[in-house]
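S.K.: Which chain is which? The protein sequence lines are Z and U, in order. In the working numbering, each number is its position in the first sequence, counted from 1, plus 769. In the working numbering, each number is its position in the second sequence, counted from 1, plus 769. Got a structure here, written out as structure tokens. Questions coming.
2 protein chains.
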Amino acid sequence: MLITEMHVTPIAISDPPLLNAAGLHAPYALRTIVELVSDDHIYGLGEMPGGTEMVSLLESIRDLVLGSDPFQLNALSLAITEHLAQSAQPDQTDVAREKRAARAFSAVEIACLDLMGKATGRPVVDLLGGRVRERVPFSAYLFYKHPGAGGALGFGSDRHAQGWAAARQAAALDPDGLVAQAQAMCAAFGFQSIKLKGGVFEPAVEVETIHALRRAFGPEMPLRIDPNAVWRLDTAIRWGKELEGVLEYYEDPVRGQEDMAALRAAVSIPLATNMCTTSFAELPGSLRLGSEDIILSDHHMWGGLRASVELGRICRTFGRGLSMHSNSHLGISLAAMTHLAAAVPNLTYAVDTHYPWQSEEVLVGGRLRIEDGSLPVPTGPGLGIELDRAALAALHANYLACGLTKRDDEVEMQKVEPGWKFQPTRW
Amino acid sequence: MLITEMHVTPIAISDPPLLNAAGLHAPYALRTIVELVSDDHIYGLGEMPGGTEMVSLLESIRDLVLGSDPFQLNALSLAITEHLAQSAQPDQTDVAREKRAARAFSAVEIACLDLMGKATGRPVVDLLGGRVRERVPFSAYLFYKHPGAGGALGFGSDRHAQGWAAARQAAALDPDGLVAQAQAMCAAFGFQSIKLKGGVFEPAVEVETIHALRRAFGPEMPLRIDPNAVWRLDTAIRWGKELEGVLEYYEDPVRGQEDMAALRAAVSIPLATNMCTTSFAELPGSLRLGSEDIILSDHHMWGGLRASVELGRICRTFGRGLSMHSNSHLGISLAAMTHLAAAVPNLTYAVDTHYPWQSEEVLVGGRLRIEDGSLPVPTGPGLGIELDRAALAALHANYLACGLTKRDDEVEMQKVEPGWKFQPTRW
């Protein structure tokens, strides 16, 4: 079984004006769809972050992928790593080099696993050791946001779906707005954990939002806040002490392993990260410093599904919990996340997903349905999904038309707040 | 695909009177052959250490294995771990508990991977991410030994095979004897690395053996010595300093992570272990103390082939090299070791094997042929081997007839040296 075709298709999907520490989401989020076709006419799918840089990265490894056997993942990973090392900028750090190679390989690995699953008649989860759970729980992902949301909703016509359609359109710029957003989102999808994207307003406002969510949902609903590392250490300690006993975990309030470790020593809340420890190369520092309790894995960043399973073993071995990070994404990523999360015994936290914020899909049958806050683990061969080529073509046309080439939340924010600047440490 | 039959067959294989720190090998080494049969009439093979305790351990998990889908390895591992935890002695440590569960699961996992490979038409290595090398190099494994060796040799009739047959029979009780053994073994199998099992004679004799091997084979031949932790720290430092620049690695000269770490700080030779760090539970201590440079993995002990791949990632991440440990074994273990070693990029050392010391086999086609010191990675489905049921029956009859129920090298040594006692620290 050899790979004979590799199709890299950049797409743009409608995205609401969500606020975060880096600024504002553009009207379109960029993704990249990877399709590998084998000599026996099977196709495998992958989805990655988007933009021209990702497309260039994948084009740069095309010659290594074509002609490969999708089962030979180890060899392909080594070849990609070596090839990218040769073409790396001389000043690129080892960590940056690992991350670039991991990202390039991730895109291909997912599609290869889909091919392998289809070739063997097995769901991808079975190529990762099999499922340890039948459904994968996801977390509600709340955002402060400006009014409006592009895209046609595909969530159905029932009362809760309509409620979510309205909430997705609505502004949410204060605690009450976030509670309303959470209620609509949880009603529509049944989420049983809530994450608030912070780093947008004064910490007092965001902490008050957490308190408001707790009042609205009660103490049994796990709550998380993610200020994306724009809080100072003293700020994070101060508000962390107030949130002890309230948060399930405290995600990246401060920047870097050193400050995370100092914060961790000062407050009694589990610290989670998808910023200070995001590669295998950063794990020795994480252990040396004790920078977090929970790693938010991301198969797009860590080198694919098998590498993420290996990360799971590392977390189990060295006393780290495991959760999962998300970016704006469609169903190929969601399916891959679901297979992965089903295979990792110690992935015991509900997984982040932006999926409710998206409205489009590239899958036959349309959007995957999150119910009771979770997705069933697909049982069909491979990822268990099929590509809707008309939808893909439309979203690729969106990409060409929208003019965006990379995510830049700062520029987008400047369109509504002229002169706004991203500040790595803000409060 | 469900497992409908589980056959656990203890066997006894001829073993020469090899000396080691624990005493003397008995005339028979005990192994356990595991066969799982699926409802579509495929069988999968595993081979484990032997004796009544292993048989009991495997019988205790039989009900969990029967009816399982061999692809659901994660679930089976969890079920076995939980089951054994419930039946554990109250004073069993967490490390001991993990090791027991890992050992029980290993036996089943290998056979499941063989089933999975046969069911999908893929070699086991492809279920581990595929091969990164076409052949797996093994190391010559030298022993001080008494004269004699049971079993009929199956190595062929050429000059080198005859030479090895004679050397395998001969006594080897001094440096010259070991050089002759090494020459015969390397001529017959083409090994390009040499390991000396030490801990038998005064360190001066064993170090002189290393020097004699170096004189005989030249400085390009990698040499290792393994005193099985019976040297004191000061002894190991003294002789380690003399062996700097001579040894490829220095395996377990002292006992425990603390002493290994102290030795590592004192001598400039890579330290290897299959004694002080032999489970995931012991890795945090290994990193905290810095107890070794190289871990000798063993899929029979670490929880199977997939766990060993994960150990490989841990070694890559935290700066440990990776080699592989062996016990007296037959071709099922050898095939599994070969698939595993082929899939782990950083397994860059020649793998230990006792295989040349064995003379029997349970495989159709007889013994696997190590040539140029290496084995080709099997390309057939599963492990790529078939069970010779007549040979299995004969070796099971051996087991019943020989009366051995566990390995006890001390008792065996006392038969030739009355009153001999194992000393955990001897020199």
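Where a beta carbon is used, it is the ideal one built from N, C-alpha and C, also for glycine. Treat the numbers as computed from the prediction; the structure is a model and nothing was measured.
Consult DSSP for Ile-1139(U) and reduce its assignment to one of helix, strand or coil.
M.R.: Correct three-state label for Ile-1139(U): coil.
S.K.: For Gln-952(Z) and Ser-1143(Z), what's the separation of their Cα atoms in angstroms?
M.R.: The straight-line gap from Cα to Cα measures roughly 17 Å.
S.K.: Would you verify that the beta carbon of Pro-906(Z) is, or is not, closer than 8 Å to some beta carbon of chain U?
M.R.: No, Pro-906(Z) does not count as interfacial toward chain U.
S.K.: Please report the Cβ distance between Leu-884(U) and Ser-807(U), rounded to the nearest whole angstrom; I am assuming they are in contact, meaning their Cβ atoms lie under 8 Å.
M.R.: Between Ser-807(U) and Leu-884(U) the Cβ distance is about 6 Å, and since that is below 8 Å, they are a contact.
S.K.: Using three-state DSSP, classify Asp-808(U) as helix, strand or coil.
M.R.: Coil.
S.K.: Looking only at its own chain, which residues have a Cβ that is under 8 Å from the Cβ of Ala-854(Z), when we skip the five neighbours before and after it?
M.R.: So the list reads Arg-866 and Ala-870, once near-sequence residues are dropped.
S.K.: Check whether the Cβ of Gln-841(U) lies closer than 8 Å to any Cβ atom in chain Z.
M.R.: Chain Z contact via Cβ: present.
S.K.: Are Val-1009(Z) and Val-969(Z) touching if we call contact CB-CB under 8 Å?
M.R.: The amino acid occupying residue 1009(Z) in the given sequence is Gly; Val does not appear at that position. Not closer than 8 Å, so no.
S.K.: With DSSP as the reference, please indicate the residues paired to Pro-1145(U) in a beta bridge.
M.R.: Its beta-bridge partners are Arg-904(U).
S.K.: Considering only residues of the same chain and omitting the five flanking positions on each side of Ile-1038(U), which have a CB-CB separation below 7 Å?
M.R.: Cβ within range, chain order: Gly-1009, Leu-1012, Glu-1013, Leu-1016, Tyr-1018 and Tyr-1019.
S.K.: Mark Glu-1186(U) as exposed unless 16 or more other C-beta atoms lie within 10 angstroms of its C-beta, in which case mark it buried.
M.R.: Burial call: exposed.
S.K.: Whole alpha helix (DSSP H) runs in the segment 1075-1147 of chain U with 4 or more residues, listed along the chain?
M.R.: Runs found: 1100-1112.
S.K.: Any beta-carbon of chain Z closer than 8 Å to the one on Val-901(U)?
M.R.: Closer than 8 Å: yes.
S.K.: Listing by chain order, which chain Z residues have their CB less than 7 Å from the CB of Leu-1056(U)?
M.R.: In chain order: Leu-1056.
S.K.: Beta-carbon of Pro-1053(U) versus every beta-carbon of chain Z: anything under 8 Å?
M.R.: Output row for Pro-1053(U): interface = yes.
S.K.: Assuming Asp-1062(U) and Met-1093(U) make a contact with CB atoms under 8 Å, what is their CB distance in whole Å?
M.R.: Contact doesn't hold; Cβ gap of about 15 Å is too wide.
S.K.: Between the segment 814-822 of chain Z and the segment 1092-1109 of chain Z, do three or more beta carbon pairs fall short of 8 Å?
M.R.: Result yes; three or more Cβ-Cβ pairs closer than 8 Å.
S.K.: Checking the sheet assignment: what are the DSSP bridge partners for Asn-789(Z)?
M.R.: For Asn-789(Z), which the question treats as bridged, DSSP gives the partners Gly-792(Z).
S.K.: Which residue spans inside the segment 970-1019 of chain Z form an unbroken beta strand (DSSP E) run of at least 3?
M.R.: Counting only runs of 3 or more, we get 992-995.
S.K.: Per DSSP, which one or two residues make a beta bridge with Pro-892(Z)?
M.R.: Paired residue(s): Gly-1151(Z).
S.K.: When the Cα atoms are used, what is the spatial distance from Val-864(Z) to Glu-1051(Z)?
M.R.: Their Cα atoms are separated by approximately 7 Å.
S.K.: Residues of chain Z with CB under 8 Å from Arg-1075(U), in chain order?
M.R.: Those are Gly-898, listed as they occur along chain Z.
S.K.: State the beta-bridge partners of Lys-1197(U) as determined by DSSP.
M.R.: With chain U represented from 770 up to 1196, any question about residue 1197(U) goes unanswered, as that position is not in the structure.
S.K.: Would you mind telling me which residues of chain Z sit closer than 8 Å to Phe-874(U), beta carbon to beta carbon, in chain order?
M.R.: Simply none; closest approach about 11 Å.
S.K.: Nearest-angstrom Cα distance between Arg-872(Z) and Leu-1080(Z)?
M.R.: Straight-line Cα distance between these residues: approximately 15 Å.
S.K.: Determine the burial state of Val-1133(U): buried for a count of at least 16 other Cβ atoms within 10 Å of its Cβ, exposed for fewer.
M.R.: Val-1133(U) should be labelled exposed.
S.K.: Using only the alpha-carbon positions, how far apart do Tyr-1198(Z) and Ile-963(Z) sit?
M.R.: Here chain Z covers residues 770 to 1196 and nothing more, so residue 1198(Z) does not appear.
S.K.: Look at the alpha carbon of Leu-845(Z) and the alpha carbon of Leu-833(Z), and state the distance between them as a whole number of angstroms.
M.R.: Roughly 7 Å separates the two Cα atoms.
S.K.: Mind checking who Tyr-797(Z) pairs with in its DSSP beta bridge?
M.R.: For Tyr-797(Z), which the question treats as bridged, DSSP gives the partners Ser-783(Z).
S.K.: Give a yes or no on contact between the segment 977-990 of chain U and the segment 1155-1164 of chain U, applying the rule of three or more CB pairs nearer than 8 Å.
M.R.: Because the criterion of three Cβ pairs below 8 Å is not met, the segment 977-990 of chain U and the segment 1155-1164 of chain U do not touch.
S.K.: Distance cutoff 8 Å, beta carbons only. Does Ile-1083(U) sit that close to anything in chain Z?
M.R.: Yes, because at least one Cβ of chain Z sits closer than 8 Å to the Cβ of Ile-1083(U).
S.K.: Looking at the secondary structure, which residues open and close the alpha helix (DSSP H) in which Thr-821(Z) lies?
M.R.: Element bounds for Thr-821(Z): 821-829.
S.K.: Is it right to say Glu-1140(U) is buried, meaning 16 or more other beta carbons lie within 10 angstroms of its own, or is it exposed?
M.R.: Exposed, by the Cβ-count rule.
S.K.: Between which two residues does the alpha helix (DSSP H) carrying Leu-897(U) extend?
M.R.: Here Leu-897(U) belongs to no alpha helix (DSSP H), and DSSP marks it neither H nor E.
S.K.: Taking Gly-967(Z) as the reference, which of Lys-1190(Z), Phe-907(Z) and Asp-943(Z) has the closest Cα?
M.R.: The shortest C-alpha separation from Gly-967(Z) is found at Asp-943(Z).
S.K.: Tell me which same chain residues have a C-beta within less than 6 Å of the C-beta of Asp-1178(U), skipping the five on either side of it?
M.R.: If we look at Asp-1178(U) and ignore the five residues flanking it on each side, its Cβ neighbours are Ala-791, Gly-792 and Leu-793.
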